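Residue numbers (the numbering used here): 116 to 647.
Even for Gly, the Cβ is constructed at its ideal location relative to N, Cα and C.
Treat the numbers as computed from the prediction; the structure is a model and nothing was measured.
Written below as structure tokens is the structure these notes are about.
In structure tokens:
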């Protein structure tokens, strides 16, 4: 869920730039006002202080009574503080002119101003990890005896600095780095299009490209093409960078590596490297990154490899291979685009109808405060955001269930003569899910936005027992989901092309009939035509 909050923080800045016209043209016209800066930063300081106070009180209560209710209270405070930080950020951007204040200080360098604008809420999130560390430390020490008695590896507790930095790398930078790369590409392409717009009559390569872009697609169409290319390049090469952002090293040779790589071979999925994701034993998880084989990595955490039996580790590996086999990463991105397109259309149509009814003076924007149309678009943003991410969550859960079913399907094929999902393969995947919940201190009945609850996933796996291997019900649901995503993206692209076409036509010089240039008294049928 944290990744969605990070997306919301940056989306708020970009939405502000869309609604408040002229913000880039008038950066230097906006003075830096200290009182606005203080009012914008003070809530985050108060939020960080409140989180620290609650975590300190919960830690003292744990020491006195050993109650897990205090742990849950600290976790809820951490979750609530993130939500409050996002809401505060939205209010500061649209009521205090926070983005204008940042740009008045640093100007408009590529992506620097956007990152500085979201830094206060991000720092409050980081402060929450700093405050929660003593709770995590108490839990770690409390489980040491049980871990040793059960024969599991006992990892040393990371220092507070290591704990905070690990969370920054694995939870913030995981989503912030790709988004920043897309933002850099987007700003570069927009500025290049602006230069081409001003120099489209130049007799050089860029001038020729500018004329082609404007004639063929218009500014909006060219911008869409460039941004889609940028997103594609980021998703293609980001895994190479992310393996260094995360603390990951190649898994050494041995029987376990051979068994795990055999899963990829049987599924005909190419992988560049199998990596151990080093988390000091604090995470039991896996991940698949990369769109193509030469740039695809599969990561399994150290805690997972050390605590799960080989068969369960193999099932987790098969689950991650299932994501790659069914191309869930690009389909999820396309699903996000389609959901935002549908949600925006559901809001834009009523706003457009209102724009036809209300006076034009109420619908115009000024350069500082959005009015009329801008206010309606701003008010609709929470609805668009909730609607789009609710749809994305629905799609994401189905893809997760398909990866679970793929794992059971793959493990079943290991058994000679098996034509249906076997009980042993379903139990292996269910056991892995149960171990993940237990070792991560998760409630198996707790709902998850992107994955669904552990209990639901286990129940769906058990229902697959006896199902023919080539007729899994979730595969049919996933196929229809992808068809809907294709239709949604097609509608978004068609709408963008239509908008670009209308824009390009409106920019062309309109040639009126010669008689319309005459005075009113000489118009055909007018009183001045031989009139009295």
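Checklist entry - Could you check where the alpha helix (DSSP H) with residue 370 kicks off and where it finishes? => result By one-based count along the chain shown, residue 370 stands at place 255. Residue 370 -> alpha helix (DSSP H) spans 370 to 382.
Checklist entry - Taking just the CA atoms, how far does residue 233 sit from residue 163? => result In the chain shown, counting from the first residue as 1, residue 163 sits at position 48. In the chain shown, counting from the first residue as 1, residue 233 sits at position 118. Whole-angstrom Cα-Cα distance: 16 Å.
Next on the checklist: Pull the bridge partners of residue 699 from the DSSP assignment, please.
Outcome noted: Since the first and last residues shown for the chain are 116 and 647, residue 699 lies out of range.
Next on the checklist: Please state whether the Cβ-Cβ distance between residue 393 and residue 362 is less than 7 Å.
Outcome noted: To locate residue 393, count along the chain shown from 1; it is residue 278. To locate residue 362, count along the chain shown from 1; it is residue 247. Yes. Within cutoff.
Next on the checklist: Tell me which residue opens and which closes the alpha helix (DSSP H) that residue 536 is part of.
Outcome noted: For this step, residue 536 is matched to residue 421 along the chain shown. Where residue 536 is concerned, there is no enclosing alpha helix (DSSP H), given that its DSSP letter is neither H nor E.
Item to check | Inter-residue spacing [alpha-carbon to alpha-carbon] between residue 352 and residue 405 | outcome: Counting from 1 along the chain shown, the entry for residue 352 is found at position 237. Counting from 1 along the chain shown, the entry for residue 405 is found at position 290. Rounded to whole angstroms, residue 352 to residue 405 spans 8 Å at the Cα level.
Checklist entry - Considering only C-alpha positions, which residue in the set 222, 397 and 427 is nearest to residue 416? => result Numbered from 1 along the chain shown, position 301 holds the residue referred to as residue 416. The shortest Cα separation from residue 416 among 222, 397 and 427 belongs to 397.
Next on the checklist: Within 10 Å of its beta-carbon, does residue 484 have 16 or more other beta-carbons around it, so buried, or fewer, so exposed?
Outcome noted: Counting from one through the chain shown, the residue named residue 484 turns up at place 369. Because the pLDDT of residue 484 is 41, which lies under 50, any placement of that residue in the model is unreliable, and the number read from its coordinates should be weighed accordingly. Looking at its Cβ environment, which holds fewer than 16 other Cβ atoms inside 10 Å, residue 484 is exposed.
Checklist entry - Just how far apart, CA to CA, sit residue 610 and residue 427? => result By 1-based counting over the chain shown, the position of residue 610 is 495. By 1-based counting over the chain shown, the position of residue 427 is 312. Looking at the two C-alpha atoms, the distance is approximately 47 Å.
Item to check | Proximity below 7 Å, CB of residue 544 to CB of residue 447 | outcome: On the chain shown, position 429 is the one that residue 544 refers to. On the chain shown, position 332 is the one that residue 447 refers to. No, the pair does not count as a contact, with Cβ atoms beyond the cut-off.
Next on the checklist: On the criterion of 16 or more Cβ atoms from any shown chain inside 10 Å, does residue 359 qualify as buried, or is it exposed?
Outcome noted: As a working mapping, residue 359 is identified with position 244 in the chain shown. Its Cβ having fewer than 16 others within 10 Å, residue 359 is exposed.
Checklist entry - In whole angstroms, what is the alpha-carbon distance linking residue 176 and residue 194? => result Along the chain shown, one-based indexing puts residue 176 at 61. Along the chain shown, one-based indexing puts residue 194 at 79. Near 20 Å, if we compare the C-alpha coordinates of residue 194 and residue 176.
Item to check | Exposure of residue 298, with buried meaning 16 or more beta-carbon neighbours within 10 Å | outcome: Here residue 298 refers to the residue found at position 183 of the chain shown. The residue in question, residue 298, is buried, as its Cβ has 16 or more Cβ neighbours within 10 Å.
Checklist entry - Between the C-alpha atoms of residue 200 and residue 560, what's the straight-line distance to the nearest angstrom? => result Here residue 200 corresponds to residue number 85 of the chain shown, with the count starting at 1. Here residue 560 corresponds to residue number 445 of the chain shown, with the count starting at 1. Approximately 27 Å, taken between the alpha carbons.
Checklist entry - In terms of residue numbering, what span does the alpha helix (DSSP H) encompassing residue 271 cover? => result Locating residue 271 in the chain shown gives position 156, counting from the first residue. That residue, residue 271, is in no alpha helix (DSSP H); it is neither H nor E in DSSP.
Checklist entry - Since residue 541 contacts residue 523 with CB under 8 Å, what's their CB separation in whole angstroms? => result What you label residue 541 is simply residue 426 of the chain shown in a count that begins at 1. What you label residue 523 is simply residue 408 of the chain shown in a count that begins at 1. With 8 Å as the limit, residue 541 and residue 523 qualify as a contact, their Cβ atoms being about 5 Å apart.
Checklist entry - Does the distance from the CB of residue 290 to the CB of residue 121 come in under 7 Å? => result As a first step, residue 290 is located in the chain shown; it is residue number 175 there, counting from the start. As a first step, residue 121 is located in the chain shown; it is residue number 6 there, counting from the start. Cβ atoms of residue 290 and residue 121: closer than 7 Å.
Checklist entry - Which residues mark the beginning and the end of the beta strand (DSSP E) in which residue 580 is found? => result As a working mapping, residue 580 is identified with position 465 in the chain shown. Segment: none, residue 580 is in no beta strand (DSSP E) and carries neither H nor E.
Item to check | Minimum C-alpha distance to residue 185 - residue among 513, 206 and 247 | outcome: Here residue 185 corresponds to residue number 70 of the chain shown, with the count starting at 1. The candidate whose alpha carbon is nearest that of residue 185 is 247.
Next on the checklist: Which of the three DSSP states is assigned to residue 235 in this structure?
Outcome noted: Residue 235 sits at position 120 when you count from the first residue of the chain shown. Three-state result, residue 235: helix.
Checklist entry - Which of helix, strand or coil does DSSP assign to residue 561? => result Against the chain shown, residue 561 aligns to sequence position 446. Reduced to three states, the DSSP call for residue 561 is coil.
Item to check | Reduced DSSP category for residue 146 - H, G, I as helix; E, B as strand; rest coil | outcome: Here residue 146 refers to the residue found at position 31 when the chain shown is read from its first residue. The answer is coil: DSSP assigns residue 146 none of H, G, I, E or B.
Checklist entry - Is residue 465 helix, strand or coil when you go by DSSP? => result For this step, residue 465 is matched to residue 350 along the chain shown. Note: residue 465 maps to helix in three-state DSSP.
Item to check | Coil, strand or helix - residue 224 by DSSP | outcome: As a position in the chain shown, residue 224 is number 109, starting the count at 1. Reduced to three states, the DSSP call for residue 224 is coil.
Checklist entry - Buried or exposed: where does residue 197 fall if 16 or more other Cβ atoms within 10 Å of its Cβ makes it buried? => result The sequence position of residue 197 within the chain shown is 82, counting from 1. Buried, because 16 or more other Cβ atoms sit within 10 Å of the Cβ of residue 197.
Checklist entry - Are the segment 498 to 506 and the segment 443 to 463 touching, with three or more C-beta to C-beta distances below 8 Å? => result yes
Item to check | CB contact flag (residue 243, residue 166, <7 Å) | outcome: Within the chain shown, residue 243 is the residue found at index 128, counting from 1. Within the chain shown, residue 166 is the residue found at index 51, counting from 1. Yes, Cβ-Cβ distance for residue 243 and residue 166 is below 7 Å.
Checklist entry - When the distance is taken between beta carbons, is residue 408 closer than 7 Å to residue 385? => result Along the chain shown, read from residue 1 onward, the residue named residue 385 stands at position 270. Along the chain shown, read from residue 1 onward, the residue named residue 408 stands at position 293. The answer is yes: Cβ separation under 7 Å.
Checklist entry - Are the C-beta atoms of residue 180 and some chain B residue less than 7 Å apart? => result No chain B is part of this structure, which consists of one protein chain only.
Checklist entry - Could you give the distance in angstroms between the alpha-carbon of residue 116 and the alpha-carbon of residue 187? => result Residue mapping note: residue 116 aligns to position 1 of the chain shown, counting from 1. Residue mapping note: residue 187 aligns to position 72 of the chain shown, counting from 1. Distance from the CA atom of residue 116 to the CA atom of residue 187, rounded to whole angstroms, is 17 Å.
Next on the checklist: Cutting at 8 Å between CB atoms, please list the residues of its own chain near residue 287, excluding the five before and the five after it.
Outcome noted: As a position in the chain shown, residue 287 is number 172, starting the count at 1. Taken in chain order, the residues that qualify are 117, 121, 237, 240 and 241.
Next on the checklist: In the DSSP assignment, the beta strand (DSSP E) including residue 424 goes from what residue to what residue?
Outcome noted: In the chain shown, residue 424 corresponds to position 309, counting from 1. Counting along the chain, residue 424 sits inside no beta strand (DSSP E), nor does DSSP assign it H or E at all.
Checklist entry - So which of 557, 190 and 502 has the shortest CA-CA distance to residue 568? => result As a working note, residue 568 is residue 453 in the chain shown. When C-alpha distances from residue 568 are compared across 557, 190 and 502, the shortest belongs to 557.
Checklist entry - Going by DSSP, what residues sit across from residue 365 in a beta bridge? => result Against the chain shown, residue 365 aligns to sequence position 250. Partner(s): 390.
Checklist entry - Is the Cβ-Cβ distance between residue 208 and residue 214 less than 7 Å? => result Reading the chain shown from its first residue, position 93 is the one you call residue 208. Reading the chain shown from its first residue, position 99 is the one you call residue 214. Cβ distance < 7 Å, so residue 208 and residue 214 count as in contact.
Checklist entry - residue 294: which of 191, 601 and 129 sits nearest, CA to CA? => result Here the question's residue 294 lines up with position 179 in the chain shown. Measuring from the Cα of residue 294, the nearest candidate turns out to be 129.
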